[in-house]
Amino acid sequence: GDIFRMDEVMSAWRYVRKDTGTNWNSLSMKRDLIKDDCYLNTTMTKWVEEAVGLTDHAAIRCKKDFLTALNMYLHKPTGDNGKFVKDMFEYNIRHVVMNDRKTSLFIYSLRCIAEKLLHIDA
16 GDIFRMDEVM SAWRYVRKDT GTNWNSLSMK RDLIKDDCYL NTTMTKWVEE
66 AVGLTDHAAI RCKKDFLTAL NMYLHKPTGD NGKFVKDMFE YNIRHVVMND
116 RKTSLFIYSL RCIAEKLLHI DA
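Per the working numbering, residue 16 is the first one in the sequence shown, and the count goes up by one each step.
The structure is reproduced here in structure tokens:
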């Protein structure tokens with residue numbers, strides 16, 4: 016792949032595209048960096064909520080993580096991806112975005128899909 020240079024601590028890195036659709040680091044570490052990042056965001060959001068409280072940015076970030084999980088599930092509906100969607104829904108959507116108001120995973124997922132199809136920013 017191409018080599019990129021950045022004026023930061025890490026001076027150069029290489030992004031390697033693989034046939035499996037993921038990068039070399041994910042393959043070598045036997046983990047999915049996208050899922051790891053979403054779970055890390057959820058953990059950090061819980062900590063921030065306890066420490067100082069959440070802002071509107073947290074709700075935006077949580078919704079993006081849920082949409083990432085939903086996208087992964089719709090493209091590859093495996094049990095692991097299904098668990099990922101449920102995990103992102105339980106805290107990120109139900110608690111942070113909806114403020115513990117009653118909602119279901121199915122209805123909220125349909126709403127998100129409709130918003131994306133109709134290009135609605137909600």
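Glycine included, each C-beta is placed from N, C-alpha and C at the ideal position.
Start-to-end residues for the alpha helix (DSSP H) that takes in residue i
i	result
Arg126	120-133
Arg76	71-90
Glu64	48-66
Backbone secondary structure at residue i - three-state DSSP
i	result
Thr14	One cannot answer for residue 14 here, as it falls past the ends of the chain, which runs 16 to 137.
Lys117	coil
Ser26	Here Ser26 scores only 48 on pLDDT, less than 50, and its place in the model should not be relied on; the value that follows carries that caveat. Three-state result, Ser26: coil.
Own chain residues within Cβ distance below 8 Å of residue i, not counting five before or after
i	result
Phe121	none
Val63	Leu69, Ala73
Rounded distance between the beta-carbons of residue j and residue i, thought under 8 Å
i	j	result
Arg76	Asn56	6 Å
Leu14	Thr60	Look at the range of the chain in this structure, 16 to 137, and you will see that residue 14 is not part of it.
Proximal residues to residue i (C-beta, below 7 Å), its chain only, five neighbours per side dropped
i	result
Cys127	Leu82, Leu85
Residues of its chain near residue i, where Cβ-Cβ distance is below 6 Å and the 5 sequence neighbours each way are ignored
i	result
Asp80	Cys53, Asn56, Met103, Asn107
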